[in-house]
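S.K.:
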Amino acid sequence: MTKRLKHFYESQQLDKDLIFHFFEEADKMSEKDYEDDLLKGEILATLFCEPSARTKFSPTMTSFKSAMLKLGGNVITEETIKELSSAFEAGSIEDTIMVVGKYSDCAIIKHYEEGTVKRAAEIAEIPLINAGDGRGQNPTQALTDIYTINNEIGRLENLKVILVGDLANGREVRSLSYLLAKLPQNKLTFVSPDNLKMKDDVKGYLRENKIEFEEHSDLNKILPEADVIYMTRIQKERMPSEDYERAKGKYVINESNFSLIRKDARILHPLPRVDEIQLPFHVIRYNPKVAIFNQVENGLYIRMALLKHLIGE
Amino acid sequence: MTKRLKHFYESQQLDKDLIFHFFEEADKMSEKDYEDDLLKGEILATLFCEPSARTKFSPTMTSFKSAMLKLGGNVITEETIKELSSAFEAGSIEDTIMVVGKYSDCAIIKHYEEGTVKRAAEIAEIPLINAGDGRGQNPTQALTDIYTINNEIGRLENLKVILVGDLANGREVRSLSYLLAKLPQNKLTFVSPDNLKMKDDVKGYLRENKIEFEEHSDLNKILPEADVIYMTRIQKERMPSEDYERAKGKYVINESNFSLIRKDARILHPLPRVDEIQLPFHVIRYNPKVAIFNQVENGLYIRMALLKHLIGE
Amino acid sequence: MTKRLKHFYESQQLDKDLIFHFFEEADKMSEKDYEDDLLKGEILATLFCEPSARTKFSPTMTSFKSAMLKLGGNVITEETIKELSSAFEAGSIEDTIMVVGKYSDCAIIKHYEEGTVKRAAEIAEIPLINAGDGRGQNPTQALTDIYTINNEIGRLENLKVILVGDLANGREVRSLSYLLAKLPQNKLTFVSPDNLKMKDDVKGYLRENKIEFEEHSDLNKILPEADVIYMTRIQKERMPSEDYERAKGKYVINESNFSLIRKDARILHPLPRVDEIQLPFHVIRYNPKVAIFNQVENGLYIRMALLKHLIGE
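Those sequence lines, one after another, are chains V, E and W. Numbering-wise (numbering that gives the first Met the number 0), the first sequence opens with residue 0 and increments by one. Numbering-wise (numbering that gives the first Met the number 0), the second sequence opens with residue 0 and increments by one. Numbering-wise (numbering that gives the first Met the number 0), the third sequence opens with residue 0 and increments by one.
Spelled out as structure tokens, the structure:
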């Protein structure tokens, strides 16, 4: 029998059975094969706990809101801003979780501090979902990513997956690596500026799970062998500006190396993009080698499947 | 047969048939003659893309949210703030539109840059509606305005319409002028501080459409002949402070010139007001010569009619 | 027959009949004994009018949103920020209320200025509810508080209620005192730093209603006689920093004085907390002497009862 999740805060919680269970459910969602009032009367709270008032638009949050509404549920959106938190929040993530647990049936949390959602799950009365915790994880994006890979390439084994960009701070690429560790017989290659390499926690987990991986510095050289090229932005807000200047623009896909990518390979990106993919918009949209908008769409179906699992079952 | 809009980004898209079609539909909405689950399962995204985190309340946005809910649909509210956009948004309105198109069924966009919604409509997979684009247009307000004029005065021809205030930066007054160009046999008079005159694009369009217009500097002199006095605020945030000081308070309606306005004439204002209408609140609310709160209410019915047209038909 | 409220802006509007009417209704809500589409088609607007963009999360607002959705209604969330209000809001609370009245069926208002909601109610076309007005009141919290006291202690008479903390600026403690004035045969004790004493308007009202009260400076001395200990935070944002330093940490419940509290007594707190209750989280959550999370939950039922009364009846 398939395992049941109570919360979803990190990729390591999944196993192969559960992964493919979510794929089946997501397929049904994409075929409109679901009850549109499955979650009637249920309330999803989205909690945006960020260090400033400035960053607001999150594709992860937006897709969860849409997923909840499509299944007939309702959404309450809340924000707390760290700047003011000395007075209001100090040590009070527990209180916030208790309040939200009384007023909603599930909460999606985006938080500036790594580990917060896992910690909060210990006390929560309702299912919690991690929509990004500092430099930690964004596991629902990783599930979306491998669902997209499976749909686009037709398999989840014997894949050569290249992960490119800010591997030190990008929580999507961290969650994806942890998730790929559940699927042996794939090979990972990390390509990043020197100062933004994949961290040891992920590497250790891959070794434990006997997943083959390597680091490489010449993107163009390995592009022809890649099945999946996972591009990410340099996380400017998480480093000193001199580090950003050193790293930005170092690894990009543009019109000169795009032809090195095989026709049956796929470029993915969790968005938002900065300058990692320097191709005309019509190429990004219509060339089958770029799958990022399919990936966006798949995010809706995967999140519908997750909400059904966590609230509706 | 009446034309069908796919998007609605500027007044010029309308013609006389379509205008009166929307009037009929809005009438039905005001009489509660509509299916209250017409848009069940549909999601409207409101995108607030502003230069700062400070300006939030928009009557246009609020009325669209209400209109969507009244028709049984749902709303997702999103914001992006330009201040941070160097990292997150550069050149990515296309990405944002694609993401929103995957997660909703229609989007209302308020953007700091003129022309954005028209440009975005070229790639959008869902209907887009312009709720204000920089110094560009706010066409759903203009449709509300002429619906109000028609209801209040009983006709849309042989009208003398005076447009007063910041005609250079006010997108409502620009949209209204473009829309009145579709209705000949009316006469427009522009009254503005010297530094905030109506721009040549609008004037050129009026000439092409053979609409009579003039500029005038003495408001009180022409008030007695006016059928409609359309007041607007000086857009402080769009000009140097010395220009604002020069312009503010130059043209106002107050207790001394209110009596110059005929009993069958109407004052309109798209809100928010600053000091353009210096009358006691009970006069603004109850004197039939001031139609601004009827105008606010009509905004709901017109936007219900627009959502029905763009999503429900 | 029970009195009917049109708006709810201050505790003084309630009488004993109405209080117990709301208790009965809240009981039904807690037992899921309500029609889940009672408010179908109705729209609640939440208006957050704050001096800055930084404070966002309000348990009062969140519980109202949840209450509205649970009863089948819909919610529109709006914010206005005072910083920008010189241009947009000056003197225009009336306009805002008129706009909101055209686009929704009830409005919850949180405003930086005392008395705003009462003033707005004079012109509003829809029911208004005060969710906090500057140093004024938060009456729906007070109703939640006495509902909780009644549930926890089993009576609303012959109680000794201690109110602790920032009694000068805390609107919850002010609303609670006004409300307790409707229930004679209870005794109030105010414990606050010297610079943050309960104000004369409340004291005068208590005297008029012949409610016994006293001020006391030694919390530990009176803890053993208390039935209810109502803790509040020092409102840092409403005083000079030297006043805050003088007041903070002066009156707290911690492991050393917690044992002075009787087993059948209850600690309440309107949240958010800062450092007034220095007990381990599991004590706060599971020890029956601390009722703050029951109080949070009761807030939902009371607000459902209020929305039913103001919109649904």
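Ideal placement from N, C-alpha and C gives every residue a C-beta, glycine not left out.
Along the chain, where does the beta strand (DSSP E) containing GLY131(E) start, and where does it finish?
M.R.: Start and end: 127-132.
S.K.: Which residues does DSSP list as the beta-bridge partners of HIS110(V)?
M.R.: Beta-bridge analysis with DSSP links HIS110(V) to CYS48(V), ASP132(V).
S.K.: On the CB-based measure, 16 or more other CB atoms within 10 Å of its CB, does ASP263(V) come out buried or exposed?
M.R.: exposed
S.K.: DSSP state of GLU224(W), grouped into three classes?
M.R.: helix
S.K.: When you compare each of PRO138(V), LEU4(V), LYS2(V) to MET60(V) by their alpha carbons, which one comes out closest?
M.R.: PRO138(V)
S.K.: Taking a contact to mean a Cβ-Cβ separation below 9 Å, would you say LEU222(E) touches ASN253(E) in this structure?
M.R.: no
S.K.: Check whether the Cβ of VAL190(W) lies closer than 9 Å to any Cβ atom in chain V.
M.R.: Under the Cβ criterion of 9 Å, VAL190(W) is not counted among the residues facing chain V.
S.K.: Evaluate the contact criterion for the stretch 0-10 of chain W versus the stretch 154-163 of chain E: three or more CB pairs, one atom per stretch, below 8 Å.
M.R.: no
S.K.: Determine, for LYS64(E), whether the minimum Cβ-Cβ distance to residues of chain W falls below 9 Å.
M.R.: yes
S.K.: Look at the alpha carbon of ILE240(E) and the alpha carbon of ASN168(E), and state the distance between them as a whole number of angstroms.
M.R.: According to the sequence provided, residue 240(E) is Ser. The question's Ile does not apply to it. Their backbone Cα atoms lie some 15 Å apart in a straight line.
S.K.: Going by beta carbon distance, what residues of the same chain come within less than 6 Å of ASN149(V), once the five residues before and after it are set aside?
M.R.: Around ASN149(V): LEU155.
S.K.: Which same chain residues end up closer than 7 Å to VAL99(E) when comparing Cβ atoms and leaving out the 5 residues on each side of it in sequence?
M.R.: ALA44, LEU46, ALA106
S.K.: List, in order along the chain, the chain V residues whose C-beta lies closer than 7 Å to that of THR79(W)?
M.R.: For THR79(W), no chain V residue has a Cβ inside 7 Å of its Cβ, as the nearest lies near 15 Å away.
S.K.: Taking C-beta pairs closer than 9 Å, name the residues in chain E that SER91(W) reaches, listed in chain order.
M.R.: LEU270, PRO271, ARG272, VAL273
S.K.: The alpha helix (DSSP H) that contains GLU236(E), what's its start and end?
M.R.: Unbroken run through GLU236(E): none, as it is neither H nor E.
S.K.: So, is the C-beta of THR147(E) closer than 9 Å to a C-beta in chain W?
M.R.: no
S.K.: Do GLY72(V) and ILE310(V) have their CB atoms nearer than 9 Å?
M.R.: yes
S.K.: Under 6 Å Cβ to Cβ from SER85(E), same chain only, skipping five residues before and after it: list those, please.
M.R.: The pLDDT assigned to SER85(E) is 40, lower than 50, so where the model puts this residue is not dependable; a value taken from the coordinates is nonetheless given after this. Cβ within range, chain order: n/a, list empty.
S.K.: Of the residues that make up the stretch 95-108 of chain E, which ones have a beta carbon closer than 8 Å to any beta carbon in chain V?
M.R.: THR95, MET97, VAL98, VAL99, LYS101, TYR102, SER103
S.K.: Roughly how many angstroms lie between the CA atoms of HIS215(W) and ARG245(W), to the nearest whole one?
M.R.: Those two C-alpha atoms are separated by around 18 Å.
S.K.: Label TYR248(W) either buried or exposed according to how many other C-beta atoms from any shown protein chain fall within 10 Å of its C-beta, with 16 as the threshold for buried.
M.R.: It should be pointed out that residue 248(W) corresponds to Gly in this sequence rather than to Tyr. GLY248(W) is exposed by the Cβ-count criterion.
S.K.: Looking at the structure shown, is ARG265(W) part of a helix, part of a strand, or coil, going by DSSP?
M.R.: strand
S.K.: Where LYS39(W) and LEU70(W) are concerned, what is the direct C-alpha to C-alpha distance, given to the nearest angstrom?
M.R.: 7 Å
S.K.: From this set, GLY153(E), HIS268(E), LEU127(E), which residue's C-alpha is nearest ARG170(E)'s C-alpha?
M.R.: HIS268(E)
S.K.: THR188(W) bridges to which residues according to DSSP?
M.R.: ILE161(W), GLU213(W)
S.K.: In the structure shown, what three-state DSSP assignment does LEU43(E) receive?
M.R.: In this structure, LEU43(E) counts as strand in the three-state DSSP scheme.
S.K.: Give the range of the alpha helix (DSSP H) segment to which PHE325(V) is assigned.
M.R.: Outside the displayed span of chain V (0 to 312) sits residue 325(V), for which this structure offers no information.
S.K.: Assuming SER10(W) and GLN136(W) make a contact with CB atoms under 8 Å, what is their CB distance in whole Å?
M.R.: Sure, about 6 Å apart at Cβ, within 8 Å.
S.K.: Is it the case that the Cβ atoms of PHE189(V) and LYS196(V) are separated by a distance below 9 Å?
M.R.: yes
S.K.: Using only alpha-carbon positions, find the residue among LEU187(E), SER65(E), TYR243(E) that is nearest to ALA304(E).
M.R.: SER65(E)
S.K.: Ignore the nearest five residues each way along the sequence and tell me which others in LEU299(W)'s own chain have a CB closer than 7 Å to its CB.
M.R.: SER62, SER65, ALA66
S.K.: Rounded to the nearest angstrom, what separates ARG272(V) and ILE276(E) at their Cα positions?
M.R.: 46 Å
S.K.: Which residues share a DSSP beta bridge with THR115(E)?
M.R.: Looking at the DSSP assignment, THR115(E) forms no beta bridge with any residue, so it has no partner.
S.K.: Determine the chain V residues that contact ASN73(E) at a beta-carbon separation under 7 Å, and present them in chain order.
M.R.: LEU68
S.K.: Rank PRO192(V), ILE108(V), THR231(V) by C-alpha distance to the C-alpha of ILE125(V) and give the top, closest one.
M.R.: ILE108(V)
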